[in-house]
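A short write-up of the structure that comes next.
In UniProt numbering, the protein residues as written are 1 to 338.
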């Protein structure tokens, strides 16, 4: 029997963050397996990534399908299963989800409005040693442009369960963007309630707003805010875990309350968080908006995740420097447009 569906608001989740946090893929497997135990409509489709076969597939073999390395088929089959009343979770790497199989994502999943959950792992530069073929720095630009697709980017492994519970209740398609490896926990205590389309204020501040999306970008923003505080600069930190639907009201309020904004993302500058924030600020409360994002060519070497980001201009130091530059560009408080 199908269990009652969870509410779209998930959490808070009690308990302190573990000393060594689980990676995002492990947290996703655990959360999906728990959902499947409650809801017999849940079916997992995998494009030969392996981990789910050993966890979800062993427990629910009749509800696990491996399509092989054929991402277009993955999405088309998932849409067909959703049309028959199931709740498919289509699992593949982000670069293959958003660029290799864009046509099927656009037409078969988003175009039909069917409740397919695309779970895109190895996002950004988190594939690290896999190299440039597996990096994904364009997917938010693609998915933000697909009308009707909900897009979620948890900030750490502990947010994945609440995010998945919220997405499970949607009647339409969604895209869950995950990294590959463990990152520092963002929430030291309880995970705040997870509400789709609602930004989370991690730090209050009155001088500059740091708007961040994704695990390491949020960690970098928090570290930069601490450093700025030591220099007498009050930085608000706003976490965007749902790029779509975007919390324009929270950004507009932050822009009205502070002198400048800096966006931080593991994505190209075009089409992602920076554009979303700039669109709101331009319309509501014009302020300087500087972007910390992966700009320019990729480094011609293999490195770990944080090393690749630092080499491409995304780090706590870069956020700190951008905040000071943005404040230098801001008009004096008495001259701010109202």
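Glycine residues also receive a C-beta, built at the ideal position from the N, C-alpha and C atoms. These numbers were taken from a predicted model, which means no experiment stands behind them.
Cβ-Cβ distance between residue i and residue j below 9 Å
| i | j | result |
| --- | --- | --- |
| residue 120 | residue 97 | yes |
| residue 156 | residue 193 | no |
| residue 330 | residue 287 | yes |
| residue 132 | residue 116 | no |
| residue 293 | residue 273 | yes |
| residue 208 | residue 251 | no |
| residue 189 | residue 305 | no |
| residue 349 | residue 260 | The first residue shown for the chain is 1 and the last is 338, placing residue 349 beyond what the model contains. |
| residue 28 | residue 46 | no |
| residue 168 | residue 317 | no |
| residue 277 | residue 319 | no |
The alpha helix (DSSP H) enclosing residue i, as first and last residue numbers
| i | result |
| --- | --- |
| residue 219 | 215-230 |
| residue 66 | Note, residue 66: premise wrong, no alpha helix (DSSP H); beta strand (DSSP E) at 64-66. |
| residue 280 | 273-284 |
| residue 81 | 71-83 |
Inter-residue Cα distance where the pair is residue i and residue j
| i | j | result |
| --- | --- | --- |
| residue 37 | residue 152 | 23 Å |
| residue 196 | residue 166 | 7 Å |
| residue 107 | residue 113 | 9 Å |
| residue 282 | residue 249 | 13 Å |
| residue 42 | residue 103 | 24 Å |
| residue 351 | residue 181 | Beyond the ends of the chain as shown, which are 1 and 338, falls residue 351; an answer cannot be given. |
| residue 77 | residue 30 | 24 Å |
| residue 80 | residue 326 | 49 Å |
| residue 84 | residue 221 | 43 Å |
| residue 322 | residue 233 | 13 Å |
| residue 187 | residue 258 | 24 Å |
| residue 324 | residue 332 | 14 Å |
| residue 44 | residue 315 | 35 Å |
| residue 177 | residue 105 | 14 Å |
| residue 154 | residue 162 | 9 Å |
| residue 68 | residue 200 | 38 Å |
| residue 295 | residue 311 | 10 Å |
| residue 54 | residue 118 | 20 Å |
Residue range of the unbroken beta strand (DSSP E) whose run includes residue i
| i | result |
| --- | --- |
| residue 192 | Residue 192 -> no beta strand (DSSP E), and no H or E assigned at all. |
| residue 167 | From DSSP, residue 167 is part of no beta strand (DSSP E) but of the alpha helix (DSSP H) over 157-168. |
| residue 45 | 42-46 |
| residue 91 | 87-93 |
| residue 309 | Element bounds for residue 309: not the beta strand (DSSP E) but the alpha helix (DSSP H), 305-311. |
| residue 126 | No beta strand (DSSP E) contains residue 126, which DSSP labels as neither H nor E. |
| residue 33 | Element bounds for residue 33: not the beta strand (DSSP E) but the alpha helix (DSSP H), 24-38. |
| residue 339 | Nothing in the structure corresponds to residue 339, since the chain is present only between 1 and 338. |
Beta-carbon separation (whole angstroms), residue i vs residue j, contact threshold 8 Å
| i | j | result |
| --- | --- | --- |
| residue 347 | residue 72 | Residue 347 lies beyond the stretch modelled for the chain, which goes from 1 to 338, so this question has no answer here. |
| residue 164 | residue 32 | 7 Å |
| residue 191 | residue 236 | So it is not a contact: roughly 20 Å between Cβ atoms. |
| residue 24 | residue 160 | 6 Å |
| residue 99 | residue 49 | Between residue 49 and residue 99 the Cβ distance is about 17 Å, and since that is not below 8 Å, they are no contact. |
Would you check if there are 3 or more beta carbon pairs closer than 8 Å linking the segment 157-177 to the segment 225-233? no
Any contact of the segment 143-150 with the segment 229-245, i.e. 3+ C-beta pairs under 8 Å? yes
Does the pairing of the segment 229-242 with the segment 204-218 give three or more beta-carbon distances under 8 Å? yes
With a threshold of 8 Å, are at least 3 pairs of Cβ atoms found where one atom belongs to the segment 264-277 and the other to the segment 115-133? yes
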